[in-house]
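S.K.: Could you have a look at this structure, given as structure tokens, before my questions?
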């Protein structure tokens, strides 16, 4: 869709059972839905829509996907001193929700509306944040030659870099992590896990 305002026309022209929502509509779609699951409402982002008895119901399965994928990556939340989350959109909201649940301190970083701007970053912030999660589209087509403008020279083998992007498999962000000896993970496992959860939601007869 060129604009979220086309959503109503789309769902009236097709007989959907469910659909997924991605960048940039995870927040924008909320006013167009009849009901919002409590978790999705708390997060402020919807990535899964179920159609039931003529009504649209919004859910968030990114939380499930990210949490389980992250825990398989870092082994235990106690390994993380603090986290930086690049981006403040719908995917970022799900990531921040999980970090809060796991009691991992974090700051969001963006050009203008995060806890920090990229210009605010310094050696102290980078050295105290050994988990960095990219939720921006930087690294994904057509931005494959770009990465969040972080101070990568301060990261090392004690860092975990997680990119929600899964295509390409290795973004410039993850390549920087590999170059500095960090542990890296892309968003493929999260994609699979959130999709399996969405499939369960679509196939439940009652919610």
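Residue numbers (my numbering): 8 to 214. All C-beta atoms in this analysis are idealised placements derived from N, C-alpha and C, irrespective of residue type, glycine included. Quick caveat: nothing in here was measured; it's all calculated off a predicted structure.
(1) For residue 62, count the other beta carbons within 10 Å of its own beta carbon; 16 or more makes it buried, fewer makes it exposed. Which is it?
(2) Check residue 119 in the structure and name its three-state DSSP category.
(3) Run through the DSSP bridge pairs and tell me what residue 124 is partnered with.
(4) Under 8 Å, with one C-beta from each stretch per pair, do the region 184-202 and the region 70-81 reach the 3-pair mark?
(5) May I have a chain-ordered list of the alpha helix (DSSP H) segments no shorter than 4 residues that lie completely inside the region 35-83?
(6) Pick helix, strand or coil for residue 92, following the three-state DSSP scheme.
(7) Starting from the C-beta of residue 185, find all residues in its chain whose C-beta is less than 8 Å away, skip the five residues before and the five after it, and write them out in chain order.
(8) Could you check which residue in 162, 103 and 12 has the C-alpha nearest to that of residue 142?
(9) Just to confirm my understanding: we take residue 156, look at its own chain, exclude 5 residues before and 5 after, and list those with CB closer than 6 Å. What are they?
(10) Counting Cβ pairs closer than 8 Å, one from the region 93-103 and one from the region 39-52, do we hit at least three?
(11) The alpha helix (DSSP H) that contains residue 210, what's its start and end?
(12) Roughly how many whole angstroms lie between the Cα atoms of residue 130 and residue 158?
(13) Return the Cβ separation of residue 166 and residue 120 in integer angstroms, given the expectation that the two are a contact with Cβ distance under 8 Å.
(14) So for residue 25, helix, strand or coil by DSSP?
(15) Please go through the same chain and pick out, in chain order, the residues whose beta-carbon is closer than 6 Å to the beta-carbon of residue 123, but skip the five residues on each side of it.
(16) Run the CB neighbour count on residue 23, radius 10 Å, all protein chains shown included, and call it buried at 16 or more, exposed below.
M.R.: In short, the structure shows the following:
(1) The residue labelled residue 62 in the question sits at position 55 within the chain shown. Exposed, by the Cβ-count rule.
(2) Your numbering for residue 119 matches position 112 in the chain shown. In the three-state DSSP reduction, residue 119 falls in the coil class, being neither helix nor strand.
(3) The residue labelled residue 124 in the question sits at position 117 within the chain shown. Residue 124 is bridged to 117.
(4) yes
(5) 45-50 and 69-81
(6) Locating residue 92 in the chain shown gives position 85, where the first residue counts as 1. In this structure, residue 92 counts as strand in the three-state DSSP scheme.
(7) Taking the chain shown and counting its residues from 1, one reaches residue 185 at position 178. So the list reads 177 and 191, once near-sequence residues are dropped.
(8) By one-based count along the chain shown, residue 142 stands at place 135. Here the closest residue by C-alpha is 103.
(9) The residue you call residue 156 lines up with position 149 of the chain shown. If we look at residue 156 and ignore the five residues flanking it on each side, its Cβ neighbours are 125.
(10) Judged by Cβ distances under 8 Å, the region 93-103 makes contact with the region 39-52, as three or more pairs qualify.
(11) In the chain shown, the residue the question calls residue 210 occupies position 203. Here the alpha helix (DSSP H) through residue 210 covers 195-210.
(12) Counting from one through the chain shown, the residue named residue 130 turns up at place 123. Counting from one through the chain shown, the residue named residue 158 turns up at place 151. The alpha-carbon atoms of residue 130 and residue 158 are separated by roughly 8 Å.
(13) In the chain shown, residue 166 corresponds to position 159, counting from 1. In the chain shown, residue 120 corresponds to position 113, counting from 1. Between residue 120 and residue 166 the Cβ distance is about 25 Å, and since that is not below 8 Å, they are no contact.
(14) Residue numbering aside, residue 25 sits at position 18 when the chain shown is read from its first letter. In this structure, residue 25 counts as strand in the three-state DSSP scheme.
(15) Taking the first residue of the chain shown as position 1, residue 123 is located at position 116. 114 and 116, listed in sequence order.
(16) As a working note, residue 23 is residue 16 in the chain shown. The residue is exposed, with fewer than 16 neighbouring Cβ atoms inside 10 Å.
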